[in-house]
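FYI, in the working numbering the residues of the sequence shown are 2 to 354. All remarks here apply to the structure that follows.
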Amino acid sequence: MTMHIRYLFIPKNPNLNHCPESFNAALKCNIFGNSHSNSHIENINRITLGTIFYLVKNLVSLSSDEVISLFLFQIRLEYLALIFILKTICIILSKDLRVYYMMHEPRLEKGRTNPLKAFLVYISNLLFGFLSSKVLLPSNEAVLKAKSFVENQKICQVNLTFMSVPDEILERNLFELRCNWEKVKTFSYLGTAVKDKNPQGFIKFANIVNKYYVDKARLIRAGSDKNVSINYDKELIIRFPGYMSNSAKKFLLGLTHFLVIPYSFSTQSGVIAEALSYGKLLVINDIPAFSCFKNLEFVFLIDFNDESSILKCINYLFSMEISDYEKCYREAVNFYQKNYSVSYLSKTLPKVL
């Protein structure tokens with residue numbers, strides 16, 4: 002029986018920690034659910050000389066019936082250096098090494114960032130695509146972009162996944178949301194805002210809500226603004242600046258009725274997947290990357306540059322009955338379970354590995 006030794010690399014960016022967490026849980030589900038599996042899973046927090054020596058030693062001592070797999074979830078130069086070293090050893094000693102790389106953003110479109118950064122992202126992904134056994138892509142949009150420089154047989158679509166929110170927390174949150182429904186509806190824009198996440202779209206949305214439904218909405222903006230200058234009306238928007246911790250994000254998701262996602266560009270849906278795990282109803286920008294969410298009752302696609310589109314959506318949301326909201330809340334959670342949960346990932350990974 003083949004022995005699989007799997008190393009999950011913890012990203013330096015804490016916002017990506019959901020990837021190794023859910024992969025770890027999904028891989029363990031497959032191990033314990035299959036009496037014939039033989040596997041060891043280990044997390045690697047950072048790359049040091051000691052880490053490199055440890056992995057090289059384990060690779061050199063690998064027997065013919067053992068396989069080492071690396072799971073990488075972020076662009077980092079030290080990952081590329083490590084893969085190159087281990088691949089070279091594999092060629093010389095005929096060892097079995099497999100590399101699985103989650104490519105969040107294959108290419109950055111013009112207008113999203115400066116040309117140098119876009120070029121570096123492309124070159125890095127090109128190298129990862131060449132050195133990896135499989136490239137995992139989180140959406141149809143990402144797959145289309147990656148096909149221009151990644152071999153087709155390496156491409157696998159795997160949705161971004163998150164750990165499930167316990168049922169008791171979901172029910173407690175729903176109870177609080179139900180209690181506040183008639184008094185005030187909460188709209189939130191969470192996370193770090195950069196140019197392509199269109200924070201100005203949220204400002205426009207907030208102004209229209211305030212114009213037609215004054216004192217009937219609570220508008221929250223939590224997270225830092227990076228390389229953009231935004232003037233928030235303190236009388237209108239409750240502002241929590243700076244880095245948003247995981248506990249703060251969970252708290253704000255719990256009290257939010259509607260999550261506003263005005264992004265101008267995206268090839269991934271991590272923010273959407275996490276929001277759905279909390280049963281959030283979503284107001285999102287009608288862009289190609291989000292077209293797969295059309296016709297879902299708990300998702301509202303609008304044009305954030307069109308006041309009439311925003312107003313039509315707002316009127317519908319404020320006329321919604323609490324029974325309809327609760328129905329959408331539960332449908333959002335069910336959609337998450339089917340498409341972005343550990344259960345989904347545990348069923349998908351055997352087709353990839």
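Virtual Cβ for every residue (Gly too), placed ideally from N, Cα, C.
Are the Cβ atoms of residue i and residue j separated by less than 7 angstroms?
i: L355; j: I238; result: Limits of the chain in this structure are 2 at one end and 354 at the other, which puts residue 355 out of reach.
i: V151; j: L137; result: no
i: L346; j: A143; result: no
i: A147; j: P107; result: yes
i: V261; j: F206; result: yes
i: F188; j: F299; result: no
i: I323; j: R173; result: no
i: M103; j: C20; result: yes
i: F203; j: P289; result: no
i: Y213; j: S225; result: no
i: I311; j: I209; result: yes
i: L81; j: L145; result: no
i: E169; j: F266; result: no
i: I48; j: E79; result: yes
i: L132; j: I53; result: no
i: D216; j: R113; result: no
i: A276; j: Y341; result: no
Following the continuous alpha helix (DSSP H) through residue i, name the residue where it begins and the one where it ends.
i: C180; result: 168-181
i: N286; result: No alpha helix (DSSP H) contains N286, which is instead part of the beta strand (DSSP E) from 282-286.
i: L73; result: Premise fails: L73 lies in the beta strand (DSSP E), 67-73, not in any alpha helix (DSSP H).
i: S125; result: 116-132
i: L256; result: 247-256
i: R331; result: 323-340
i: L302; result: L302 -> not in any alpha helix (DSSP H); beta strand (DSSP E) instead, spanning 300-303.
i: F163; result: Where F163 is concerned, there is no enclosing alpha helix (DSSP H), given that its DSSP letter is neither H nor E.
i: S310; result: 308-320
i: I273; result: 271-278
i: N59; result: 50-61
i: N16; result: No alpha helix (DSSP H) contains N16, which DSSP labels as neither H nor E.
i: I204; result: 200-213
Could you please give me the residues that DSSP links to residue i through a beta bridge?
i: Q158; result: L138
i: A194; result: D226
i: L98; result: I69
i: M103; result: L137
i: V261; result: V284
i: R113; result: R113 pairs with nothing; no bridge assigned.
i: R240; result: R222
Within the continuous beta strand (DSSP E) that includes residue i, where are the two ends?
i: A223; result: 218-223
i: I6; result: 4-10
i: L346; result: That residue, L346, is in no beta strand (DSSP E); its alpha helix (DSSP H) goes 343-353.
i: F291; result: Premise fails: F291 is in no beta strand (DSSP E) and is neither H nor E.
i: I42; result: 40-45
I think residue i touches residue j, with their Cβ atoms under 8 angstroms apart; what is that distance to the nearest whole Å?
i: R7; j: I45; result: That pair is no contact at about 11 angstroms.
i: N199; j: N286; result: 7 angstroms
i: A223; j: L191; result: 5 angstroms
i: C293; j: N141; result: 7 angstroms
i: K186; j: F319; result: 7 angstroms
i: V343; j: S23; result: 5 angstroms
i: H5; j: V57; result: In fact, because the Cβ distance is near 19 angstroms, the residues do not count as touching under 8 angstroms.
i: A249; j: K227; result: In fact, because the Cβ distance is near 17 angstroms, the residues do not count as touching under 8 angstroms.
Task: Touch test, the stretch 331-338 against the stretch 273-284, Cβ-Cβ under 8 angstroms, three pairs minimum - done: yes
- [ ] State whether the stretch 160-172 contacts the stretch 293-307, with contact taken as three or more CB pairs (one from each stretch) at a distance under 8 angstroms.
- [x] no
TODO: Give a yes or no on contact between the stretch 5-19 and the stretch 68-86, applying the rule of three or more CB pairs nearer than 8 angstroms.
DONE: Contact check between the stretch 5-19 and the stretch 68-86: three or more CB pairs, one atom from each, fall below 8 angstroms, which counts as touching.
Task: Meets three-Cβ-pair contact criterion under 8 angstroms: the stretch 91-105 and the stretch 56-65 - done: yes
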